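A quick write-up on the structure given underneath.
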Amino acid sequence: MTFPGPLAPWYDFRDLSNAVERLLSWLSDIGPDWLVYVVSAVIGGTAIFLFVAATAVANIWVERRVVARIQVRRGPNRAGPWGLLQPIADMTKLMQKEALLPRAGDPVVFLLAPILAFGPALLVWGVFPFGKGMTFVDLNVGVLYIIAVTSVTTIVLFMAGWSSNNKYSLLGAIRVIAMLLSYEVPLVLALLGVVLFAGTMSLSGIVAWQHDMRIWLFLVQPLAFVIYFICATAEINRTPTDIAEAESEIVAGYHTEYSGIQFGLFYAVELVNAMALGAIAATLFFGGWWLFGLDRWIPGWMIFIGKVYLIYFLLIWLRGTLPRLRIDQLMAFAWKFLLPLALVNIMVGALEVLLWVEYDLSAGLVLPVFSVVNLSLAVLLVVGWMRFMAFPFHRLPSRARLVHDIPVVAPGAPAGGAA
Amino acid sequence: MPELRTEPLVVNFGPQHPSTHGVFRMRVVLDGERVVDVEMAMGYLHRSMEKLAEERTYTQNIPFTDRMDYLSAMTGNLAYCLAAEKLAGIEVPERAQYLRVIFAELQRIANHGMAIGIFLNDCGAWQTPVMYMLREREKILDLFEMTCGARLTTNYMRIGGVSFDIPKEFMPQATALVEELPDRIAEYEGLLLENEILQARARDTGILPADLAIASSVSGPVLRSTGVAWDIRKADPYCVYDRMEFDIAVGYQGDNYDRLLVRMEEMRQSVRIIRQALEQLPPGPFKTDIPLALRPPVGEAYARIESPKGELGFYLVSDGGPTPYRFHVRSPSLLNLTPLKEMTVGQTVADLVVTLGSIDINLGEVDR
Chain A
1 MTFPGPLAPW YDFRDLSNAV ERLLSWLSDI GPDWLVYVVS AVIGGTAIFL FVAATAVANI
61 WVERRVVARI QVRRGPNRAG PWGLLQPIAD MTKLMQKEAL LPRAGDPVVF LLAPILAFGP
121 ALLVWGVFPF GKGMTFVDLN VGVLYIIAVT SVTTIVLFMA GWSSNNKYSL LGAIRVIAML
181 LSYEVPLVLA LLGVVLFAGT MSLSGIVAWQ HDMRIWLFLV QPLAFVIYFI CATAEINRTP
241 TDIAEAESEI VAGYHTEYSG IQFGLFYAVE LVNAMALGAI AATLFFGGWW LFGLDRWIPG
301 WMIFIGKVYL IYFLLIWLRG TLPRLRIDQL MAFAWKFLLP LALVNIMVGA LEVLLWVEYD
361 LSAGLVLPVF SVVNLSLAVL LVVGWMRFMA FPFHRLPSRA RLVHDIPVVA PGAPAGGAA
Chain B
1 MPELRTEPLV VNFGPQHPST HGVFRMRVVL DGERVVDVEM AMGYLHRSME KLAEERTYTQ
61 NIPFTDRMDY LSAMTGNLAY CLAAEKLAGI EVPERAQYLR VIFAELQRIA NHGMAIGIFL
121 NDCGAWQTPV MYMLREREKI LDLFEMTCGA RLTTNYMRIG GVSFDIPKEF MPQATALVEE
181 LPDRIAEYEG LLLENEILQA RARDTGILPA DLAIASSVSG PVLRSTGVAW DIRKADPYCV
241 YDRMEFDIAV GYQGDNYDRL LVRMEEMRQS VRIIRQALEQ LPPGPFKTDI PLALRPPVGE
301 AYARIESPKG ELGFYLVSDG GPTPYRFHVR SPSLLNLTPL KEMTVGQTVA DLVVTLGSID
361 INLGEVDR
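Chains A and B, in that order, are what the protein sequence lines are.
Residue numbers for the first sequence follow the numbering used here, beginning at 1 and rising by one.
Residue numbers for the second sequence follow the numbering used here, beginning at 1 and rising by one.
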């Protein structure tokens with residue numbers, strides 16, 4: 001195994017992979033090649049796992065505190081300073097509880113589901129470029145890999161709902177399948193727009209493209225970001241699209257029967273998936289570790305995690321603010337609203353790329369023009385399509401009618417003024 | 001190919017379910033997401049209050065009325081005391097009349113705030129509206145606490161008046177609250193009523209036609225939402241409501257959204273009434289002395305008020321003894337619940353939950 005170029009000193013924490021690369025290059029000098037592969041896999045895998053586990057734990061606190069602020073309360077503030085030990089208390093409680101197994105359920109599938117749910121949530125983190133060289137696996141089909149891995153969740157959630165043999169769980173499972181399959185379509189189409197411009201499916205390639213072109217893909221493909229964000233929100237089951245576990249309707253949906261650490265796993269998966277959404281959006285649309293030259297001063301992985309948490313904050317904000325949509329409204333929204341817009345977006349994007357390549361225009365000139373065109377197109381399309389699909393609920397005013405006088409009914413007399 | 005055999009899914013919503021607001025059970029027949037049939041099962045919270053009340057004196061019965069609709073104890077007290085006063089022919093001092101109006105209207109704001117918040121919770125707004133509504137409700141409960149020592153089960157009204165006069169801190173705090181509330185209500189109207197998702201969820205769902213509402217003896221905001229202008233405060237005024245200037249909020253077609261509109265507007269009208277009552281509050285005694293064991297003459301009396309949930313009536317029969325011979329409650333929650341099946345069949349599970357939330361039932365009052 002060869003390592004290109006001189007290695008940076010191991011204590012250069014702007015890029016955490018430096019230390020690992022030093023170790024690996026030393027290993028390749030003294031040991032066989034397979035040892036290098038095994039050691040790098042173990043180190044990378046452990047790092048990713050620790051990162052995901054730490055994120056899940058931290059996010060319990062983040063989510064509860066932020067939502068509490070949105071809801072004019074203080075949130076957990078008793079366990080440790082600012083309630084920082086609250087996640088540990090939460091997890092200890094969940095682990096102590098008995099993990100019940102429904103008697104009429106399918107035990108194998110039932111027990112497998114939470115474990116399998118954690119798999120994709122973990123796997124998806126393997127391909128993100130945390131920093132310039134900090135990629136565990138730099139897949140050349142990274143975008144495809146992400147789409148494939150996150151889709152597995154659908155089956156797992158259906159397994160959970162089906163094996164519980166509970167009517168609420170079954171309803172939740174049906175909803176999961178219907179919703180996730182519908183939202184998968186515009187999601188993939190939205191991501192295609194990004195791939196069209198970057199010309200690669202590799203995540204580090206897409207970040208490198210944004211770095212080279214000095215522009216965020218969010219600016220070039222604003223509509224794709226909006227569609228992706230909405231679809232991904234639906235995929236991770238949070239309000240306004242949390243119909244799969246809609247608490248007020250079907251108790252807890254597919255995980256109604258889960259208790260103890262199995263429930264805890266679903267809970268952790270939800271938090272990790274929300275973070276993964278942020279990571280995908282940050283990588284594909286907001287330049288990953290790159291921040292307009294600021295990455296020379298701030299470590300890239302800090303920038304990346306900062307962006308991820310900003311998008312995660314947006315998700316918490318949505319969750320704390322919006323009511324839930326009904327399943328037919330959600331379906332209609334996916335098929336009638338998002339899908340046509342995504343198709344138009346791809347068509348326009350493809351046309352632009354064609355023009356760019358055909359006439360061999362300079363990127364510095366063409367990309368700002370495309371950004372302005374696409375942004376105005378996005379606004380125009382969203383507003384126009386909304387008007388076109390106008391919902392019928394604007395007929396009646398949104399304030400009550402006021403009546404000042406009604407006839408007084410003498411007690412005992414027939415009530416004539418009722419109608 | 002053999003025909004696919006399908007069968008409807010029977011789901012028991014409740015007694016333990018996050019959005020049945022207590023222990024209420026619905027046996028719902030579902031065809032996928034569609035509701036085919038709803039069968040209501042009540043009585044899980046039955047505490048036999050009507051029979052218990054026959055063994056206790058008229059004054060001892062007042063705490064029972066707190067525990068019927070425990071989210072609006074003041075109006076429960078008020079309706080019962082009005083009935084007992086009517087039965088015994090007791091005159092109530094004017095100051096007590098005003099205090100009763102003030103506290104009944106404060107209770108209406110607190111109750112409607114909770115009703116709106118919980119309704120939004122049923123719509124899936126994950127606790128945030130409830131928390132905001134609780135913030136306003138806390139201030140009202142503070143006023144209750146400083147006046148009578150209790151926040152929830154107030155036991156404040158007495159036959160012949162109220163149990164305590166207001167303390168001197170009450171007036172400044174109540175005036176400040178009355179000044180603050182209209183802004184808050186306007187804020188909530190902006191945040192909630194204009195929300196697209198809420199409009200999509202609540203408009204055109206759970207429609208209650210006006211004729212069905214009247215036939216089912218529905219009252220209160222649920223009746224007014226159907227477009228029927230009917231309010232006992234105006235139609236059959238009690239206390240000093242005939243001296244107050246206020247409007248009745250009326251909806252358009254009786255859907256869930258209309259019920260929300262009506263409640264929102266009623267909060268504002270209640271603030272108007274409280275402001276007038278605080279200004280007009282006369283000095284004088286706050287209760288008349290009545291014998292400890294009140295023995296009303298033989299006869300019967302029915303008194304009704306516009307409670308936050310609808311027409312709350314108490315029917316009392318006296319045989320001349322110290323305890324009522326019959327103690328009957330016409331509870332609005334129970335009667336408002338009766339057209340639930342007609343309102344929900346043919347819609348989705350999500351609409352069923354939202355419709356149940358918009359009726360604003362209180363199981364303590366449904367089952368008694």
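Quick reminder that beta carbons are idealized off the backbone N, C-alpha and C, glycines included.
From a predicted model like this one, the values you see are computed outputs, not experimental measurements.
With burial defined as no fewer than 16 other Cβ atoms inside 10 Å of the residue's Cβ, what is the status of residue i: buried or exposed?
i               : result
L338 of chain A : buried
V72 of chain A  : exposed
S362 of chain A : exposed
E3 of chain B   : exposed
T2 of chain A   : For T2 of chain A, the predicted model reports a pLDDT of 48, less than 50, meaning its position is unreliable; a value from the coordinates is still stated below. By the neighbour-count rule (16 or more Cβ atoms within 10 Å), T2 of chain A is not buried but exposed.
Q16 of chain B  : exposed
R243 of chain B : exposed
A400 of chain A : buried
A104 of chain B : buried
A53 of chain B  : buried
L120 of chain B : buried
M114 of chain B : buried
Y359 of chain A : exposed
W301 of chain A : buried
I115 of chain A : exposed
R214 of chain A : exposed
N362 of chain B : buried
A378 of chain A : buried
N59 of chain A  : buried
T153 of chain A : buried
L356 of chain B : buried
At 8 Å on the CB atoms, spell out the chain B contacts of residue i, in chain order.
i               : result
P240 of chain A : G124 and I197
T432 of chain A : Here chain A has residues from 1 to 419 only, and residue 432 of chain A is not among them.
For residue i, which residues in chain A fall below 8 Å Cβ to Cβ?
i               : result
G251 of chain B : A400 and R401
K234 of chain B : D405, I406 and V408
H21 of chain B  : Those do not exist, as H21 of chain B stays about 10 Å from chain A at its closest Cβ, beyond 8 Å.
Y132 of chain B : Q71 and V72
D231 of chain B : I406
N121 of chain B : S248
R135 of chain B : V72
Check the C-beta distance from residue i over to residue j and give it rounded, since I have them as a contact under 8 Å.
i               : j               : result
V143 of chain B : L106 of chain B : What sits at residue 143 of chain B in the sequence shown is Leu, not Val. About 6 Å separates the two Cβ atoms, so the contact holds.
L402 of chain A : D255 of chain B : Going by Cβ atoms, the distance from L402 of chain A to D255 of chain B rounds to 19 Å, so no, they are not a contact pair.
K139 of chain B : I406 of chain A : Incorrect: roughly 31 Å between the Cβ atoms, too far for contact.
V317 of chain B : P308 of chain B : With a Cβ gap of about 27 Å, V317 of chain B and P308 of chain B do not count as contacting.
R108 of chain B : S270 of chain B : 5 Å
P377 of chain B : R95 of chain B  : With chain B running from 1 to 368 in the structure shown, residue 377 of chain B is simply not present.
V308 of chain A : G278 of chain A : 4 Å
M179 of chain A : I280 of chain A : 19 Å between Cβ atoms; not a contact.
What residues from chain A crowd round residue i, counting only those whose CB sits closer than 9 Å?
i               : result
Q201 of chain B : Before going on, a small fix: residue 201 of chain B reads as Arg here, not Gln. Near R201 of chain B (Cβ distances below 9 Å), the residues of chain A are P323, R324, L325, R326 and Q329.
For residue i, return the contacting residues in chain A, with the cut-off set at a CB-CB distance below 7 Å.
i               : result
V11 of chain B  : K167
L193 of chain B : S398
D369 of chain B : Limits of chain B in this structure are 1 at one end and 368 at the other, which puts residue 369 of chain B out of reach.
Would you mind telling me which residues of chain B sit closer than 9 Å to residue i, beta carbon to beta carbon, in chain order?
i               : result
S164 of chain A : Correct list: empty, because the minimum Cβ distance to chain B is about 14 Å.
Determine the chain B residues that contact residue i at a beta-carbon separation under 7 Å, and present them in chain order.
i               : result
E247 of chain A : P18
V251 of chain A : H17 and P18
> Below 8 Å, can you find three or more Cβ-Cβ pairs linking the region 198–218 of chain B to the region 154–171 of chain B?
Replying inline: Flag = no, the region 198–218 of chain B and the region 154–171 of chain B do not touch.
> If you scan the region 269–307 of chain B from start to end, which runs of the alpha helix (DSSP H) of 4 or more residues do you find wholly inside it?
Replying inline: Runs of the alpha helix (DSSP H) spanning 4 or more residues and lying entirely within the region 269–307 of chain B do not occur at all.
> So, do the region 213–227 of chain B and the region 74–84 of chain B have three or more beta carbon pairs nearer to each other than 8 Å?
Replying inline: The region 213–227 of chain B, when compared against the region 74–84 of chain B, does not touch it at the 8 Å Cβ threshold.
> In the region 125–170 of chain A, which residue ranges form an unbroken alpha helix (DSSP H) of at least 4 residues, counting only runs that do not cross its ends?
Replying inline: Fully enclosed alpha helix (DSSP H) runs of 4 or longer: 142–163.
> Which ranges does the alpha helix (DSSP H) cover as unbroken runs of at least 4 residues, wholly within the region 100–157 of chain B, from first to last along the chain?
Replying inline: Counting only runs of 4 or more residues that sit fully inside the region 100–157 of chain B, the alpha helix (DSSP H) segments are 128–148, in chain order.
> Touch check for the region 193–204 of chain B and the region 309–318 of chain B: three-plus C-beta pairs under 8 Å?
Replying inline: Contact annotation: the region 193–204 of chain B does not touch the region 309–318 of chain B, with fewer than three C-beta pairs closer than 8 Å.
> Are at least three pairs of beta-carbons, each pair with one atom in the region 183–192 of chain A and one in the region 254–272 of chain A, less than 8 Å apart?
Replying inline: No: the two stretches stay apart, fewer than three of their Cβ pairs being nearer than 8 Å.
>> Counting beta carbon pairs with one atom in the region 11–25 of chain B and one in the region 243–250 of chain A, are three or more of them shorter than 8 Å?
In response: Touching, per the Cβ criterion.
>> Check whether the region 341–357 of chain B and the region 145–162 of chain B are in contact - that is, three or more C-beta pairs closer than 8 Å.
In response: The region 145–162 of chain B and the region 341–357 of chain B do not touch, with fewer than three beta-carbon pairs separated by less than 8 Å.
> Which ranges does the alpha helix (DSSP H) cover as unbroken runs of at least 4 residues, wholly within the region 91–126 of chain A, from first to last along the chain?
Replying inline: Here the runs fully enclosed are 107–123.
> Residue ranges of each alpha helix (DSSP H) run of no fewer than 4 residues wholly in the region 332–379 of chain A, ordered along the chain?
Replying inline: Whole alpha helix (DSSP H) segments, 4+ residues: 339–358.
>> Measuring CB atoms only, is the region 189–203 of chain A touching the region 221–233 of chain A, in the sense that at least three cross pairs come out at less than 8 Å?
In response: Yes: the two stretches touch, three or more of their Cβ pairs being nearer than 8 Å.
> For the region 17–65 of chain A, which segments carrying the alpha helix (DSSP H) assignment without a break, of at least 4 residues, lie completely within its bounds, in sequence order?
Replying inline: Runs found: 17–30.
>> Between the region 53–63 of chain B and the region 286–301 of chain B, can you find at least three pairs of beta-carbon atoms closer than 8 Å?
In response: Contact holds: three or more Cβ-Cβ distances are below 8 Å.
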